[in-house]
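Protein chains in written order, with the working numbering: chain A, 1 to 200; chain B, 201 to 299. Where a beta carbon is used, it is the ideal one built from N, C-alpha and C, also for glycine. Please read these numbers as outputs of a predicted model, since none were measured by experiment.
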């Protein structure tokens with residue numbers, strides 16, 4: 001009898017933990033967004049190098065990615081509750097995105113775009129957002145992604161003009177698309193593990 | 201031997217405990233989200249939410265979004281205190297069961 005009571009109490013503790021974790025999960029899993037933006041960067045790079053009207057490559061792809069993010073995020077958020085953690089994460093990434101947008105348009109519009117310095121600054125921005133998210137979520141994987149972006153920023157300052165683009169492609173593949181796919185795998189695993197709560 | 205605490209019977213039901221634990225982590229939640237997370241039926245979920253609301257642990261807001269009815273549930277301060285008290289009591293009971 002006592003054994004049963006203890007087991008029941010233990011189960012209740014596990015239930016509380018599991019449900020609190022479920023609520024927290026609503027703030028996580030933005031893997032699709034990392035993949036989307038990583039792909040947009042690669043499309044913009046390819047368009048600039050190979051396509052027609054290369055001056056339009058970055059503005060068009062970035063605006064398209066921004067619109068796609070807003071539409072998909074709105075659809076995915078439908079019916080899901082907002083958490084304080086989620087609001088904090090959104091604040092970091094929206095501020096970073098706007099800062100990047102202003103920086104890129106202002107420097108290129110004013111004719112002060114310098115490939116080395118500007119790409120290093122962009123990599124620093126992305127490193128900062130990943131590091132801040134990693135600290136907020138207490139998640140070393142994302143903090144490590146932040147460090148990877150910062151390492152790319154340092155490397156960008158020291159390599160030749162030809163190698164700058166390759167560094168950006170490599171960090172986009174690892175820090176955006178690779179990390180995004182990893183997040184999506186985690187999400188699908190978490191969904192398949194969700195078990196139904198016993199009815200009262 | 202110290203007196204063992206009583207467990208709040210309103211929270212003690214597993215589905216009600218799950219609902220309060222879910223709502224502790226969010227600012228507000230829709231009925232459909234709570235149903236998805238708990239895997240409960242509409243009838244059972246509605247009944248348990250009514251019990252929690254009657255105890256003053258939840259507040260309910262009904263509104264229309266794009267002409268569709270939406271029911272939002274929020275945990276009240278009383279509900280938060282009750283859940284904290286329940287967890288403390290559970291810890292105490294579990295500690296005494298182990299010793």
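- For residue 34 (chain A), the CB contacts under 6 Å within the same chain, skipping 5 residues up- and downstream, are 176, 179, 180 in chain order.
- Nearest neighbour of residue 211 (chain B) by Cα position, chosen from B:260, B:295, B:250, B:267, turns out to be B:250.
- Contact between the segment 110-130 of chain A and the segment 139-156 of chain A is present: 3 or more CB-CB pairs across the two stretches fall below 8 Å.
- Annotation for residue 237 (chain B): the continuous alpha helix (DSSP H) segment containing it runs 231-238.
- Between the segment 264-279 of chain B and the segment 213-232 of chain B, the count of Cβ pairs shorter than 8 Å is three or higher; the stretches touch.
- Under DSSP, residue 219 (chain B) shares a beta bridge with no residue.
- One finds nothing in chain A with a Cβ atom closer than 8 Å to the Cβ of residue 282 (chain B); even the nearest lies about 13 Å away.
- Among the residues of the segment 218-229 of chain B, those with a Cβ less than 9 Å away from any Cβ of chain A are 218, 219, 220, 221, 222, 223, 224, 225, 226, 227, 228, 229, in the order of the chain.
- Residues of chain B with a Cβ closer than 9 Å to the Cβ of residue 76 (chain A) do not exist, since the nearest Cβ in that chain sits about 13 Å away.
- The beta carbon of residue 23 (chain A) sits closer than 8 Å to some beta carbon of chain B.
- Here residue 283 (chain B) carries a helix assignment [DSSP, helix/strand/coil].
- Around the beta carbon of residue 156 (chain A), 16 or more other beta carbons lie within 10 angstroms, which makes this residue buried.
- The three-state secondary structure of residue 159 (chain A), taken from DSSP, is coil.
- Taking a cut-off of 8 Å for Cβ pairs, the segment 133-146 of chain A and the segment 78-91 of chain A touch, as three or more such pairs fall below it.
- Taking C-beta atoms under 8 Å as the contact rule, residue 279 (chain B) and residue 257 (chain B) qualify, at a distance of about 3 Å.
- For residue 41 (chain A), the enclosing alpha helix (DSSP H) begins and ends at 31-50.
- Of the other Cβ atoms in all chains shown, 16 or more fall within 10 Å of the Cβ of residue 131 (chain A); this residue is therefore buried.
- Short of 6 Å from the beta carbon of residue 261 (chain B), and not among the five residues preceding or following it, lie these beta carbons of its own chain, in chain order: 272.
- With contacts defined by Cβ atoms closer than 8 Å, residue 218 (chain B) and residue 232 (chain B) do not form a contacting pair.
- The C-beta of residue 136 (chain A) comes no closer than 8 Å to any C-beta of chain B.
- When Cβ-Cβ separations below 8 Å define contact, residue 290 (chain B) makes contact with chain A.
- The straight-line gap separating the alpha-carbon atoms of residue 16 (chain A) and residue 289 (chain B) is approximately 14 Å.
- Contact of residue 15 (chain A) with chain B is assigned, a C-beta pair being separated by under 8 Å.
- For residue 18 (chain A), the three-state secondary structure derived from DSSP is helix.
- In this structure, residue 83 (chain A) sits near residue 23 (chain A), with a CB-CB distance shorter than 8 Å.
- Taking a C-beta cut-off of 7 Å against chain A, the contacting residues of the segment 241-269 of chain B are 244, 248, listed in chain order.
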